[in-house]
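Shown next, in structure tokens, is the structure this report addresses.
Protein chains in written order, with my numbering: chain A, 435 to 836; chain B, 435 to 836.
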């Protein structure tokens, strides 16, 4: 059979991260490539207990089809969670349960974007978001970041230009806290400026906040959603419970949530009812408040180990972010080195990362790489950074002699 | 905030079935509207035991992110399952795990359909398929059915016309066995004819088979996928295990499965790893062979009760299908009665169904309704059909006197 595929996937590339997972079975490889939480943080015994209780008390409901938008008891707990952690006010009718926040990203793009429509993102931005936006043929205009987050002055300039050209962006997408991939946190001033832009030009602002609870240093900065109820907010259970149950949520104005609900009927009818019951009980029993401090302690140590190793092993001319939380840091090496080209050699040397351009709508991150510090064991972090530092130094030596 | 939504959802309507679920909390309402398996068929104790074992033996993996296309051990078991039940030959690289077969339908449409592209469906067809196809702006050409299934002579005629007009359909979608909504099973001759059309015109044939194992009478007819390896086959665990874990699968040529894999990264990264481990163990322990006979016995009885009640309660001039399996039958009443208009009155009278036009791309099923016989208790089936028969008779009396 000769298939005649649609044009929908023509901008999509296989995710470098996912391709990398194939190498993860190589026992000698140290991978900083994935975005995986450390399984030591999974509340195994607690979840097993919850699952047993769910089967005993709600089995017939938990194994049945559920409402498209999610079970109301879970929404009530999500409402409580985001209010306690981020001071976000919401109601159940503004909340929709998703199959991981990846589904939230896809829904967002599908609901707003006609092919060729412009959206604003950070430069660089999350590879899964790029994938969701590409699948809906959005034209991403990515705006550079500095150590205070996305350059909102440049956002405003770009928005103004686009509006003048009759191409008003459909939304502005940002991960303001411990950004993926850079680890950078947006300052409060920038957050307020972004909200001003959103309100002035009536462009929806989307706040993706998977890592908000994973703070290891510094002061909490208010979520944009807590400052402006019009913000569309994407959340996930992947970092406060576990990723394998695929539970996320979207909070936004009812007019938007109604559309997501309609689309979700076509996408998967509903998210796993069983996963929803488990997530509901996990929140209702306040397991998050037990889990987070343990996770934070583990990840803080790993972040510090990686930062120290970078200091010791990476050659002069390299730089990296020093994130206050999250799962990633962002390293930039000698500008003559292309990290995409370097990757096969790195894997040969027993270490993996994701190259900068995987996160770059503008393809301008050729000498950067994302390093995950949450998954590997402590001595693996040291050894992996040593391998990587050695390789980069060697490359630079060769370049010097050319 | 004034949202400017995309055109993507403009053909989509809220699912009548889902809307109906809202009424399901009314204790007095007897609903034949949903498509829900009976919870008595859920293998509660077995699944609880499997979940415990998964948490004990594979917890760190089962709660983690997984491969986009699904875990290999599960694919191997799916390969074995479809070979044993439907004599379908496949390999793991032709199988992709989906978040319910609804996701399989969405992926199918997204991968093949540019806006306005033609696809061929049965008339009537599954409402979830219509939703997935509408969300991707397919132009559905629906072909009438008779008691032997879709009229393949008319399919060929339509295909010939479309090809001549340069509008070759992107695929032909069919539920050949115990079709949803009609309960009709396609004859072997028709199946072979459809395969011929698919091969001659090089149009992919899609076989959706959620109910194949639920046969209560008659002889098994070979799956089209067992006759032609090019067929794209959609399967689900919803009817042989339970719907609440949202597990389905797609089997098709590798070129197609590769595209689905790429799209799935954007849709939800992967289906629930935990659900996959449970489904894997469910198949590996051969629970299906214990579950199916019990389910078949329960549903056969319920089908027979509904058929008998229809015989006794529905007025002359009504007709209905006598399905050999599945979950639904299809009733057609006096042509002057519109079942969409009748529905609010039916709900008032304490009984619900889904009206024919919800399943009709051509909007030509105005006097039909889909009745689910698997979910309600036996005396509810009798009472619900009595209420419905009484209402229809009353309507006809009023029409006579007008």
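In this text, a Cβ means the ideal position worked out from N, Cα and C, and glycines have one as well.
In whole angstroms, what separates the C-alpha of residue i from that of residue j?
{"i": "residue 628 (chain A)", "j": "residue 662 (chain A)", "result": "11 Å"}
{"i": "residue 533 (chain B)", "j": "residue 503 (chain A)", "result": "15 Å"}
{"i": "residue 804 (chain B)", "j": "residue 511 (chain A)", "result": "36 Å"}
{"i": "residue 747 (chain A)", "j": "residue 739 (chain A)", "result": "12 Å"}
{"i": "residue 726 (chain B)", "j": "residue 645 (chain B)", "result": "11 Å"}
{"i": "residue 443 (chain B)", "j": "residue 569 (chain B)", "result": "6 Å"}
{"i": "residue 708 (chain A)", "j": "residue 508 (chain A)", "result": "12 Å"}
{"i": "residue 490 (chain B)", "j": "residue 494 (chain A)", "result": "23 Å"}
{"i": "residue 640 (chain A)", "j": "residue 592 (chain A)", "result": "17 Å"}
{"i": "residue 617 (chain B)", "j": "residue 437 (chain B)", "result": "42 Å"}
{"i": "residue 823 (chain B)", "j": "residue 575 (chain B)", "result": "33 Å"}
{"i": "residue 634 (chain A)", "j": "residue 586 (chain A)", "result": "14 Å"}
{"i": "residue 475 (chain B)", "j": "residue 728 (chain B)", "result": "7 Å"}
{"i": "residue 518 (chain B)", "j": "residue 659 (chain B)", "result": "13 Å"}
{"i": "residue 492 (chain B)", "j": "residue 669 (chain A)", "result": "26 Å"}
{"i": "residue 524 (chain B)", "j": "residue 671 (chain B)", "result": "18 Å"}
{"i": "residue 711 (chain B)", "j": "residue 816 (chain B)", "result": "40 Å"}
{"i": "residue 750 (chain A)", "j": "residue 581 (chain A)", "result": "20 Å"}
{"i": "residue 698 (chain A)", "j": "residue 775 (chain B)", "result": "27 Å"}
{"i": "residue 830 (chain B)", "j": "residue 800 (chain B)", "result": "15 Å"}
{"i": "residue 446 (chain A)", "j": "residue 693 (chain B)", "result": "10 Å"}
Does the distance from the CB of residue i to the CB of residue j come in under 8 Å?
{"i": "residue 464 (chain B)", "j": "residue 836 (chain B)", "result": "no"}
{"i": "residue 841 (chain A)", "j": "residue 667 (chain A)", "result": "Any question about residue 841 (chain A) goes unanswered here, given that chain A covers just 435 to 836."}
{"i": "residue 551 (chain B)", "j": "residue 604 (chain B)", "result": "yes"}
{"i": "residue 516 (chain B)", "j": "residue 685 (chain B)", "result": "yes"}
{"i": "residue 674 (chain B)", "j": "residue 607 (chain B)", "result": "no"}
{"i": "residue 762 (chain B)", "j": "residue 806 (chain B)", "result": "yes"}
{"i": "residue 572 (chain B)", "j": "residue 536 (chain B)", "result": "no"}
{"i": "residue 462 (chain B)", "j": "residue 818 (chain B)", "result": "no"}
{"i": "residue 564 (chain B)", "j": "residue 602 (chain B)", "result": "no"}
{"i": "residue 583 (chain A)", "j": "residue 619 (chain A)", "result": "yes"}
{"i": "residue 540 (chain A)", "j": "residue 703 (chain A)", "result": "no"}
{"i": "residue 468 (chain B)", "j": "residue 809 (chain B)", "result": "yes"}
{"i": "residue 526 (chain B)", "j": "residue 506 (chain B)", "result": "yes"}
{"i": "residue 496 (chain A)", "j": "residue 678 (chain B)", "result": "yes"}
{"i": "residue 760 (chain B)", "j": "residue 612 (chain B)", "result": "yes"}
{"i": "residue 788 (chain B)", "j": "residue 826 (chain B)", "result": "no"}
{"i": "residue 609 (chain A)", "j": "residue 556 (chain A)", "result": "yes"}
{"i": "residue 743 (chain A)", "j": "residue 821 (chain A)", "result": "no"}
Would you mind sorting residue i into buried or exposed? The rule is 16 or more other CB atoms within 10 Å of its CB.
{"i": "residue 614 (chain A)", "result": "buried"}
{"i": "residue 680 (chain B)", "result": "buried"}
{"i": "residue 472 (chain B)", "result": "buried"}
{"i": "residue 700 (chain A)", "result": "buried"}
{"i": "residue 828 (chain A)", "result": "exposed"}
{"i": "residue 538 (chain A)", "result": "buried"}
{"i": "residue 479 (chain B)", "result": "exposed"}
{"i": "residue 649 (chain A)", "result": "buried"}
{"i": "residue 520 (chain B)", "result": "buried"}
{"i": "residue 723 (chain B)", "result": "exposed"}
{"i": "residue 682 (chain B)", "result": "buried"}
{"i": "residue 832 (chain B)", "result": "exposed"}
{"i": "residue 598 (chain A)", "result": "exposed"}
Practice item. Report yes or no: do the segment 537-548 of chain B and the segment 711-730 of chain A share at least 3 C-beta pairs separated by less than 8 Å? Key: The segment 537-548 of chain B makes no contact with the segment 711-730 of chain A; the number of CB pairs closer than 8 Å stays below 3.
Point to revise | contact_flag[the segment 765-773 of chain B, the segment 720-735 of chain B] where n(CB pairs < 8 Å) is 3 or more | key: Cβ pair count under 8 Å is below three, so no.
Exercise for review: Spell out a yes or no on whether the segment 776-786 of chain A and the segment 749-763 of chain A are touching, meaning 3 or more CB-CB pairs, one atom from each, closer than 8 Å.
Suggested key: With a cut-off of 8 Å, the segment 749-763 of chain A and the segment 776-786 of chain A do not count as touching, because too few Cβ pairs lie within range.
**Study point:** Contained beta strand (DSSP E) runs [length at least 3] in the segment 720-802 of chain B, N- to C-terminal order
**Key:** Secondary structure remark: continuous beta strand (DSSP E) runs of at least 3 residues inside the segment 720-802 of chain B, in chain order: 762-766.
Check your understanding: At a cut of 8 Å, does the segment 472-489 of chain B reach the segment 610-628 of chain B through at least three beta carbon pairs?
Key -> Verdict: no, contact absent.
Review point. What are the uninterrupted segments assigned as alpha helix (DSSP H) that are 4 or more residues long and contained completely in the segment 592-640 of chain B, given in chain order?
Key: The segment 592-640 of chain B is shown to contain whole alpha helix (DSSP H) runs of 4 or more residues at 622-635, in chain order.
Point to revise | Runs of alpha helix (DSSP H) lying entirely within the segment 467-541 of chain A, each at least 4 residues, in chain order | key: Within the segment 467-541 of chain A, the runs of alpha helix (DSSP H) at least 4 residues long that lie entirely inside it are, in chain order, 478-496, 506-520.
Practice item. Report yes or no: do the segment 785-795 of chain B and the segment 648-655 of chain B share at least 3 C-beta pairs separated by less than 8 Å? Key: No, because fewer than three Cβ pairs between the segment 785-795 of chain B and the segment 648-655 of chain B fall closer than 8 Å, the two stretches do not touch.
Review point. Can you list, in chain order, the stretches of the beta strand (DSSP E) that have 3 or more residues and sit fully within the segment 669-707 of chain B?
Key: With a minimum length of 3 residues, the continuous beta strand (DSSP E) runs that stay inside the segment 669-707 of chain B are 682-685.
Exercise for review: Ignoring anything shorter than 4 residues or poking outside the segment 548-595 of chain A, list the alpha helix (DSSP H) runs there in chain order.
Suggested key: As far as the segment 548-595 of chain A is concerned, its whole alpha helix (DSSP H) runs of at least 4 residues are 561-568.
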